[in-house]
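Participant:
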Amino acid sequence: MDQDFVALQWVTGEIEQTSEQFGKALLGYADDVSDQTRLRLALTHAHQIHATLRLLDIASAVQLAREVEEGVQAMLHGRIPGSESNLQVLLAAGLQLPGYLRRIASQRQESPLDVLSLVNELRVRSEERRVGKECRSR
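When you line the sequence shown up against our numbering, it's residues 1037 to 1174, in that order.
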């Protein structure tokens, strides 16, 4: 499947709104880490973003969204702590994704190096192997 930049322009606004909702849910969880409901809501938003991006075949954005979703899921299941630093990285990644998508849509090409450090930071926190510059998984 080829990258669909026109469709990306159509859904970027929706992804931006979902990303804002993700951020609010994650901040709500940060206020009360015993309230798993907020974290589940954040996971739902992260999953929605990830699923949408998979359909568009924008590999670097899919990878970032997948790492965010997996990070929230790992936190929900107690595999990584709900620490302030872990929450900050998840929040930063979730909120930076819409800007990255706008750049991709306007330039009509991916720039995986723009999100590589965030992907690797999320992977380190989930104790996953870092991704190198040459790697782009779907």
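Here a beta-carbon is modelled for each residue, glycine too, at the ideal position from N, C-alpha and C.
1) Determine the extent of the alpha helix (DSSP H) in which Q1145 is found, giving its start and end residues.
2) First and last residue of the alpha helix (DSSP H) that includes D1093?
3) Is it the case that the Cβ atoms of A1141 and Q1053 are separated by a distance below 8 Å?
4) Round the Cβ separation of A1087 and F1058 to the nearest angstrom and send it over; I've been treating them as touching at under 8 Å.
5) I'd like to check one pair, S1096 with V1151: are the Cβ atoms closer than 8 Å?
6) Determine the burial state of Q1099: buried for a count of at least 16 other Cβ atoms within 10 Å of its Cβ, exposed for fewer.
7) Output needed for S1055: all residues of its chain with C-beta closer than 7 Å, excluding positions within five of it in sequence on either side, in chain order.
8) Which value, in whole angstroms, describes the spacing of the CA atoms of G1107 and S1162?
9) Where L1091 and E1120 are concerned, what is the direct C-alpha to C-alpha distance, given to the nearest angstrom?
10) So the candidates are Y1136, P1148, L1126; which of them puts its Cα closest to the Cα of V1160?
Facilitator: On the basis of the supplied data:
1) Run containing Q1145: none; DSSP gives neither H nor E here.
2) From DSSP, D1093 is part of no alpha helix (DSSP H); its letter is neither H nor E.
3) Taking the C-beta atoms as reference points, Q1053 is found no nearer than 8 Å to A1141.
4) Rounded, the Cβ-Cβ distance is 13 Å, inconsistent with contact.
5) Their beta carbons are under 8 Å apart, which means V1151 touches S1096 by this criterion.
6) Using a 10 angstroms sphere on the CB of Q1099, the tally of other CB atoms reaches 16 or more, which defines it as buried.
7) Closer than 7 Å at the Cβ level, and outside the excluded window around S1055, lie I1085, G1130, L1131, L1133, P1134.
8) G1107 and S1162: Cα-Cα distance of roughly 6 Å.
9) Approximately 32 Å, taken between the alpha carbons.
10) For V1160, the nearest C-alpha among the options comes from L1126.
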